[in-house]
Each structure stands twice: as structure tokens, then as C-alpha cells.
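> Residue numbers (the UniProt record's numbering): 1 to 380.
Where is the CB? At the ideal position from N, CA and C, for every residue including glycine.
Please read these numbers as outputs of a predicted model, since none were measured by experiment.
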Amino acid sequence: MLWIRSSCCCSRHRSPDEACNTAHSNLAQVALCHEEQHPKQQRDSGKPNSSSDLPLESLKKVLTEDSAAGKVKRKRAQTPLEKYYLKYLCVTDLSTQSWCEQQMVYGRELPQLQAPETVVLLNTGKSIHLARELEVHDVVKIRTTSREDSWAIKILNLLSVIPVLQAGGCVRELPVFGVIEGVFLMGIIDELCYSAKGELELRELKTRGRPFMPSGAQKKKDYFQVCLYKYIFDAMVQGKLKPDVITSHIQLRPEQPLGSQIRDHAQKVGFTVTCFGDLLELMYLNLTLSDIPGIDCLKIEYNHQESNTLLGTEVVRFEEEKVRERAQYYLAYWKGQREVQGVEIEEAWKCQSCSYSEICDWRKKRAEGPEQRSGPKKSK
1 MLWIRSSCCC
11 SRHRSPDEAC
21 NTAHSNLAQV
31 ALCHEEQHPK
41 QQRDSGKPNS
51 SSDLPLESLK
61 KVLTEDSAAG
71 KVKRKRAQTP
81 LEKYYLKYLC
91 VTDLSTQSWC
101 EQQMVYGREL
111 PQLQAPETVV
121 LLNTGKSIHL
131 ARELEVHDVV
141 KIRTTSREDS
151 WAIKILNLLS
161 VIPVLQAGGC
171 VRELPVFGVI
181 EGVFLMGIID
191 ELCYSAKGEL
201 ELRELKTRGR
211 PFMPSGAQKK
221 KDYFQVCLYK
231 YIFDAMVQGK
241 LKPDVITSHI
251 QLRPEQPLGS
261 QIRDHAQKVG
271 FTVTCFGDLL
281 ELMYLNLTLS
291 DIPGIDCLKI
301 EYNHQESNTL
311 LGTEVVRFEE
321 EKVRERAQYY
331 LAYWKGQREV
341 QGVEIEEAWK
351 CQSCSYSEIC
361 DWRKKRAEGP
371 EQRSGPKKSK
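1) Give the DSSP-derived three-state secondary structure of residue 172 in the structure shown.
2) Excluding the 5 residues preceding and the 5 following residue 176 in the sequence, name in chain order all residues of the same chain whose CB lies nearer than 7 Å to its CB.
3) Can the beta-carbon of residue 263 be found closer than 8 Å to that of residue 148?
4) Just mark residue 345 as buried or exposed, buried being the case when its beta carbon has 16 or more other beta carbons within 10 Å.
5) Taking the CB atoms as reference points, tell me whether residue 127 and residue 224 lie closer together than 8 Å.
6) Does DSSP put residue 315 in a helix, a strand or coil?
7) Going by other Cβ atoms of all chains shown within 10 Å of its Cβ, with 16 needed for buried, is residue 182 buried or exposed?
8) On the CB-based measure, 16 or more other CB atoms within 10 Å of its CB, does residue 93 come out buried or exposed?
9) Give me the Cα-Cα distance between residue 423 and residue 104, rounded to the nearest whole angstrom.
10) Could you give the residue range of the alpha helix (DSSP H) that holds residue 279?
11) Buried or exposed, going by whether 16 or more other CB atoms sit within 10 Å of the CB of residue 107?
12) Where does residue 199 land, buried or exposed, given buried means 16+ other C-beta within 10 angstroms?
13) I want to know whether the stretch 269 to 289 touches the stretch 154 to 165 - three or more CB-CB distances under 8 Å.
14) By Cβ distance, which residues of its chain are closer than 6 Å to residue 37, with the 5 residues on each side in sequence left out?
15) In angstroms with no decimal places, state the Cα-to-Cα distance between residue 167 and residue 194.
16) Taking the alpha-carbon of residue 350 as reference, which of 215, 334, 361, 258 has the nearest alpha-carbon?
17) Residue 202 lies in the beta strand (DSSP E); which residues open and close that run?
18) Drop a sphere of 10 angstroms on the beta-carbon of residue 406, count the other beta-carbons inside from all chains shown, and report buried for 16 or more, exposed for fewer.
19) Which same chain residues, not among the five before or five after residue 302, have their C-beta less than 7 Å away from its C-beta?
20) Relative to the alpha-carbon of residue 143, which residue among 259, 327, 315, 288 has its alpha-carbon at the smallest distance?
Encoded structure:
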């Protein structure tokens, strides 16, 4: 079985808190999880009422009249999704929030401050994941010419593993995507295979720089990650991920013709497609009509990087209501419904290994005390 990668898509950075405790990131997630996010949004110059279409004097007159009438409106604040020009999030974006949300934000805005040892740990983890991936399939690069091509690669990789799972085989680096609380999420499952009992197991590999198991806080973060994978995967095989959901959230064009290399590869693996919408329909039908079950068991394996020895395995209990509640809380930040939060006092030990501790606004506010943090009291 061949696994395809885009030869010209850009990767998004990994969150820095992954480094101190685990190097879970892998090449597939770098290449497939995040396509290029354009630094500038396209302006809609066709809107006749936009301020850029009005002559300067006319604009001043409108503003003066509106001000006199008390009609001047403040510009709506951007949500983090809008600020970073994101059409979707990765599962790891949410799971890193459970470690420290403020750190996650700094990691996105100031990746250059990431500690060198952190980068080394992450790169080592990527190499280990790639080696495991190559044990079950080869990887080939395909040139992409559009955003639709980049997503076509993800869908073709997903389509290629459906027969393997139906036959009771093992797959690695499986792309999954879905919607939670109105936000589109993308993730890469390390491994799916069947146990001796016939149960479908998700196995997540976490590599560590230190030869001992992680703290409870780190485990909590990892538990949430695999639970999100199960939530999304189960929805996919239940037929909840319809083609229009993908195109509307990611703003993709179903009528967009696929690149020649994409079409050729699809033909080699048994699919005749011409446009992106063809692949979306194939994915939906194959997932919905397959007899692939939902994930029965969640396991996390912690390995020591240097010795490549197993440190321990955690079996994770899935509680759907709690997963939804946590996802709702973390997504509220991305949707602009609340401000960014850092760690509480009892978890301030996390700051000791943080690359951003010296510039952290959250730490400064916590040090000021409750009166300064809360600000002046409003008069009734």
C-alpha cells in the first residue's frame, strides 16, 4: 500500500509543550495536518458599502453624521480563528490547551523562542514515527496545484485504508476529520488495529526524552487527545461527515479539477475521479457503507527515545459527555467567547520548563494579586 504526501504544502508549527514531555509529532502530521494558511485574507472589493469604496470626503461626512446621531459602531474584535486565518484546527491544538493555553498561543505567535532542546526532542519523535509508518506502507510524494489537491491527498490516504480495516488489518497515520461545536477539526491517528478479541483499538505512541512515565497533567492532555480521535473517527464511520460539511467549513470548491498527478494516483488505487467533489462523494459512501466499527479501546504507549524501550501503557476511558464539555470550553477561546487562560497556581510548576515564562503576561497578572488582576470595581 502506498501513502502519498504533498510535495509543496507547508507545515504549521507544533506546540512547544509537546517537547518537555513527549515528541508525539510525526512527518505525516507535519505534511498533512496543516496546509498553507495564507497570511492575508482576500478582500471582497465588490461590497459597495465598504469604506474603501467611498471617497475620503464622503467617508468623513458619513462618519461625522453618524457620530452626531450616536450611530458610530466599533469594529468587531477578531476571534483567534480569524486572527490566525484558520479555517480549521488540529486535534493537538485542543489537547495542548489542556496543558497551558497561554503557552499554546505564544507557541503560535513566537515559535522562534522555542528552546533548542525542545526542537531536538520533537525532531527525534518525528523520525521514530516515520520509521513506524514505513513498516506498514511506503510513502510517495505527489505535486499539488491547489488547496483541493492538498485535501485530496488526505482523502485518498483515508480511502486506501478502508479495505485494510475491513480485512482486519493494521493501519498507521490515519487522517480523520470532523466538526465539534461548529469548528472543523483534523487529526492523525497513530495506529488502528484489531485485538485478539476482535475489538478495534487505537494506539497512540508518545516518545519521551526522560526514562520514566509522564506526570498526571501530561497524561490528562494525552487522554483528551485520543478521546477526540475516537469521537471524530466514530462520527465518520457513522456517516456524519457529509461532503458539504467539508467544503463549507474549509471553503473548498467541489467542482475544482484535480491535478494530473492526483488523478493518476487515484486511478492506480482503483478510483476514477476528475474533480474534488468526486473524491468527497467516494469518501462518504465508502465510510458509510463499510462495516468498520467504532473504536472500542484507547491505548497510549510511552516509549523512551534514546533506548527505544516501552515505559508503560495507559488504557483510556472514553466518556463522551466529558469530552464534549472540554472541547466546548477550549473551542470557546478560538471562537472569541472568552480570553486566553494560563495555568492555575497549583500547576505553576509547568512554567519552569516553558520557553515563554520570561515574557508571559499570564504569570505577570497572577503575580500582581487578585485586586490588580480583577481591575477596578465597576460602580453600580
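To lay it out plainly:
1) The sequence position of residue 172 within the sequence shown is 172, counting from 1. In this structure, residue 172 counts as strand in the three-state DSSP scheme.
2) On the sequence shown, position 176 is the one that residue 176 refers to. Contacts found: 187, 189, 229, 232, 233, 236.
3) Residue mapping note: residue 263 aligns to position 263 of the sequence shown, counting from 1. Residue mapping note: residue 148 aligns to position 148 of the sequence shown, counting from 1. No.
4) Counting from one through the sequence shown, the residue named residue 345 turns up at place 345. Residue 345 comes out exposed.
5) In the sequence shown, residue 127 corresponds to position 127, counting from 1. In the sequence shown, residue 224 corresponds to position 224, counting from 1. Against a cut-off of 8 Å, the Cβ pair of residue 224 and residue 127 comes out as no contact.
6) For the purposes of this step, residue 315 is taken as residue 315 along the sequence shown, with counting starting at 1. DSSP places residue 315 within a strand segment (E or B) once states are collapsed to three.
7) In the sequence shown, counting from the first residue as 1, residue 182 sits at position 182. With fewer than 16 Cβ atoms within 10 Å of its Cβ, residue 182 is classed as exposed.
8) By 1-based counting over the sequence shown, the position of residue 93 is 93. With 16 or more Cβ atoms within 10 Å of its Cβ, residue 93 is classed as buried.
9) Nothing in the structure corresponds to residue 423, since the chain is present only between 1 and 380.
10) Residue mapping note: residue 279 aligns to position 279 of the sequence shown, counting from 1. Residues 276 to 289.
11) For the purposes of this step, residue 107 is taken as residue 107 along the sequence shown, with counting starting at 1. Here residue 107 is buried, its C-beta having at least 16 other C-beta atoms within 10 Å.
12) By one-based count along the sequence shown, residue 199 stands at place 199. With fewer than 16 other Cβ atoms within 10 Å, it is exposed.
13) yes
14) Sequence index remark: in the sequence shown, residue 37 carries index 37 (1-based). Reliability of the predicted coordinates at residue 37 is poor, the pLDDT of 38 falling under 50, and no value is obtained from them.
15) Against the sequence shown, residue 167 aligns to sequence position 167. Against the sequence shown, residue 194 aligns to sequence position 194. Each residue's alpha carbon lies about 10 Å from the other.
16) In the sequence shown, counting from the first residue as 1, residue 350 sits at position 350. The shortest C-alpha separation from residue 350 is found at 215.
17) The sequence position of residue 202 within the sequence shown is 202, counting from 1. Looking at the DSSP string, the run of the beta strand (DSSP E) that includes residue 202 is 200 to 208.
18) This structure leaves residue 406 out entirely; the chain is present only between 1 and 380.
19) The residue given as residue 302 occupies position 302 in the sequence shown. Excluding positions up to five away in sequence, the list reads 206, 208, 213, 214, 311, 312.
20) Residue numbering aside, residue 143 sits at position 143 when the sequence shown is read from its first letter. It is 259.
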